[in-house]
Each structure stands twice: as structure tokens, then as C-alpha cells.
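Report on the following structure.
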Amino acid sequence: MKAQVIAGYGRHYLVDIGSTHPLQAYPRSKRSEYAVGDWVTLERASNDQASILALEARKTLLYRSDAYRQKFLAANLTQLIVVVATEPHFSEEFLGRALVAAGSIDLPVQIVLNKTDLTTHLAASQQRLAYYATLGYSLHRMSATTEPAQVRDVLRPLVTGHTTLLIGQSGMGKSSLLNLLVPDAQARTQEISTALGSGKHTTTATRLYRLNADTALVDSPGFQEFGLHHLSKSELEHAFADFTPYRGQCKFHNCRHDSEPGCAISNAVKEGEIAPQRQQLFGQLLHESEARLV
Ligand code: GDP
Ligand code: ZN
Numbered sequence: 006m007k008a009q010v011i012a013g014y015g016r017h018y019l020v021d022i023g024s025t026h027p028l029q030a031y032p033r034s035k036r037s038e039y040a041v042g043d044w045v046t047l048e049r050a051s052n053d054q055a056s057i058l059a060l061e062a063r064k065t066l067l068y069r070s071d072a073y074r075q076k077f078l079a080a081n082l083t084q085l086i087v088v089v090a091t092e093p094h095f096s097e098e099f100l101g102r103a104l105v106a107a108g109s110i111d112l113p114v115q116i117v118l119n120k121t122d123l124t125t126h127l128a129a130s131q132q133r134l135a136y137y138a139t140l141g142y143s144l145h146r147m148s149a150t151t152e153p154a155q156v157r158d159v160l161r162p163l164v165t166g167h168t169t170l171l172i173g174q175s176g177m178g179k180s181s182l183l184n185l186l187v188p189d190a191q192a193r194t195q196e197i198s199t200a201l202g203s204g205k206h207t208t209t210a211t212r213l214y215r216l217n218a219d220t221a222l223v224d225s226p227g228f229q230e231f232g233l234h235h236l237s238k239s240e241l242e243h244a245f246a247d248f249t250p251y252r253g254q255c256k257f258h259n260c261r262h263d264s265e266p267g268c269a270i271s272n273a274v275k276e277g278e279i280a281p282q283r284q285q286l287f288g289q290l291l292h293e294s295e296a297r298l299v
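The opening residue of the sequence shown carries number 6 in this note's numbering; numbering runs sequentially from there.
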């Protein structure tokens, strides 16, 4: 039987087999780890339980990592939506890391600026995001609480036919947006938490909400650290869209784009072509990459 992993906690997964209630599933092999979005082959053990026999090849796998281990975000995604808001102040570092994680696996990204009804920081937020729009990321402005109908009209066509991961720092309005697209999200979340075993942790688990045969939304919990230790220098360079025009133009072929003479990236920053915080983020990520312990 084929099924899709819709949530997981520890070695305990919930899988969707197309019927109304998800099944509990346990890996047969102790070493296996699955991501939300994975397609697996199951053997049913009882009415509500199954064991996972095999994993279907993943089309994509998005993950973060610290120096020691990888943390799956989701598998088989076809796009990422990053939610930011006019307030509270969003972190450009979080946004940048999300863009790099997606860029490293060539996953398209849409940026949503929510809470446009709060106008005090609206212009400043748009200005901070304008740079990313020039890099080719689509930017969508909306207000989940004051214009829910417009939000649905904008987001529905964007997510239809896709498996989309929604991420954002907490407080940006991600849940509000999700609830507009998945009206029974709260009931489904409750069902998943109950089936995973009640407890605080399961309410913050990553969850997949299938809307129809070819459309699904994945909601990820807020997380503090968006480490990308697993990306090599060339993968990082590939994921920085703004670095592309300067590839191969540094004086030294092993340039770290930091303070080397003849660095094309540093020159582009001086000329105002690349935002300084992008060079800084690259330096941080390169440092993480080199601090990898496994
Ligand atoms: P999450 O932590 O990203 O899931 O954010 P929530 O959806 O829980 O929203 C955080 C807070 O922002 C809640 O109090 C929401 O009511 C509020 N909020 C969400 N969207 C909007 C919006 O478009 N405008 C305003 N003014 N408040 C919003
Ligand atoms: Zn350089």
C-alpha cells in the first residue's frame, strides 16, 4: 500500500492512505528516518497501524542542519512560501537562510508580506523586500485579518498543483494564512496531535494538509536556528542568486568573498549592486559550512 507521511514525532509517523483517518506507521528498519511529504510503501498491521517497508525516491528534500545532524523540513516540495510581516520586525537573516536552503535545491520561492493593514512599517518593510524582488523572487502583499477574501484569491492559484511549505518566524501570521486556505486545519491538527500521542511536542510538529490530489500545504513549526552547515561553498554560491553575474570573476579562484583583493563580490557591494547583508550572510554560512563536524 502506498501512503504519504503527513506528520512525524520521534520514530512515530502518521501517514495518509487516502481515507479519512491517518494511520500510525512505524519504520521497520531502525535506521530509517522519514520526512513529512515522503511517499512510502506500507504493510498494514492493524486497523490503525502499519509498518513502513520502503521509501519512494524523493523528488526534493529540504532540510536544515547544525554541526552534528540534519533536520528534515519536508520532502517532495515543489515550492516554498516564506511569510514575513510589516510587524513584528522580520529577520532578513531568516529570510535569507530560507532563500538559500531553497536555492540550494532549486526550489522556487514566493515571498508573502502579510499585515499590510498595519501601515506604520509598511513602506520600510516593502523597501527591505524590494532587493529580493530584484533577485527574481515574487512578492505578494496581503492582510490575512482584514482582507481574507483577497488573500484566498491570491494564494489559491499560487498553491494549486503544488506541494508548498509555508515557513515564517512566529507572529508573522502564517497560521492565519493557512487557516484561510485549509478551513478545517484546526480539526486536522487536533486529529494529528491525538494520533501522534498527546503532548506539547506534537502540537508543534510539521504537518501536511492535502487539499486535493495534486495540491498540499505543509506547515512547519517556528524554529529558532536555521542552520545550513550541510551546504558546501559551491552550493552556497549557487544559492545566492545575486552572486551569479560575478561567478569566476574574483582574482583568486578560491576567494571567500570576504576581504581578499580583487573580489568581484566585494566590488559589487561597494558599487551598490549587492546588498551588504548578503555578503555578510554568505560569510556566516561559509563559516558554518567549515564548522561541520560530520
Ligand atoms: P504565526 O505565529 O505566524 O502562525 O502567526 P498567527 O497567524 O498566529 O498571527 C499572529 C498574530 O498576528 C495574531 O494575533 C493574528 O491575529 C495577527 N495577524 C495575522 N495576520 C494579520 C494581518 O494581516 N493583520 C493584522 N493586523 N494582524 C494579523
Ligand atoms: Zn570573491
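Glycine included, every Cβ here is placed at the ideal spot set by N, Cα and C.
query	result
Give a yes or no on whether the C-beta atoms belonging to Gln84 and His167 are separated by under 7 Å.	yes
Answer yes or no: do Arg33 and Ser56 have a C-beta to C-beta separation smaller than 7 Å?	yes
Is it buried or exposed for Gly13, if we count other Cβ within 10 angstroms and need 16 for buried?	buried
If I measure Cβ to Cβ from Met177 and keep anything under 7 Å in the same chain, skipping five residues before and after, which residues do I get?	Val88, Val89, Ala90, Phe95, Asn119
Going by Cα to Cα distance, which pick from Thr125, Leu100, His126 is closest to Val114?	Leu100
For the structure I just gave you, are there three or more beta carbon pairs, one from the stretch 127-135 and one from the stretch 149-166, closer than 8 Å?	no
Count the CB pairs spanning the stretch 244-262 and the stretch 67-75 that are closer than 8 Å, and state whether there are at least three.	no
Looking only at its own chain, which residues have a Cβ that is under 6 Å from the Cβ of Pro93, when we skip the five neighbours before and after it?	Gly176
For Lys35, count neighbouring C-beta atoms within 10 Å of its own C-beta (all shown protein chains included) and say buried if the count is 16 or more, exposed if not.	exposed
Mind reading off the beta-carbon distance from Val10 to Tyr39? Whole number of angstroms is fine, and I expect it under 8 Å.	5 Å
Is it right to say Pro27 is buried, meaning 16 or more other beta carbons lie within 10 angstroms of its own, or is it exposed?	buried
Specify, as a first and last residue, the run of the beta strand (DSSP E) that Glu48 falls within.	44-49
Along the chain, which unbroken stretches of the alpha helix (DSSP H) at least 4 residues long are found entirely within the stretch 40-112?	97-109
Whose C-alpha, out of His145, Lys256, Leu183, is nearest the C-alpha of Gly267?	Lys256
May I ask you to report which of helix, strand or coil DSSP gives Ala210?	coil
Should Lys7 go down as buried or exposed, given a rule of 16 or more other Cβ atoms within 10 Å for buried?	exposed
Could you tell me the distance, in whole angstroms, from the CA atom of Gly108 to the CA atom of Leu47?	32 Å
Measure the alpha-carbon distance for Ile22 versus Gln191 and round it to whole angstroms.	20 Å
Between Leu78 and Ile197, is the Cβ-Cβ spacing less than 7 Å?	no
Hey, quick one: how far does the beta strand (DSSP E) through Gly173 stretch, first residue to last?	168-173
Have a look at Ala280 and Trp44 and give me their C-alpha separation to the nearest angstrom.	40 Å
Return helix, strand or coil for Tyr137, following the three-state DSSP convention.	helix
Using a threshold of 7 Å, state whether the C-beta atoms of Leu213 and Ala221 are closer than that.	yes
Who are the Cβ neighbours of Tyr142 in its own chain at under 6 Å, not counting the five residues just before and after it?	Val114, Ile116
Cβ atoms of Val105 and Thr211: under 7 Å apart, would you say?	no
Would you report the Cα separation of Thr121 and Thr169, rounded to the nearest angstrom?	22 Å
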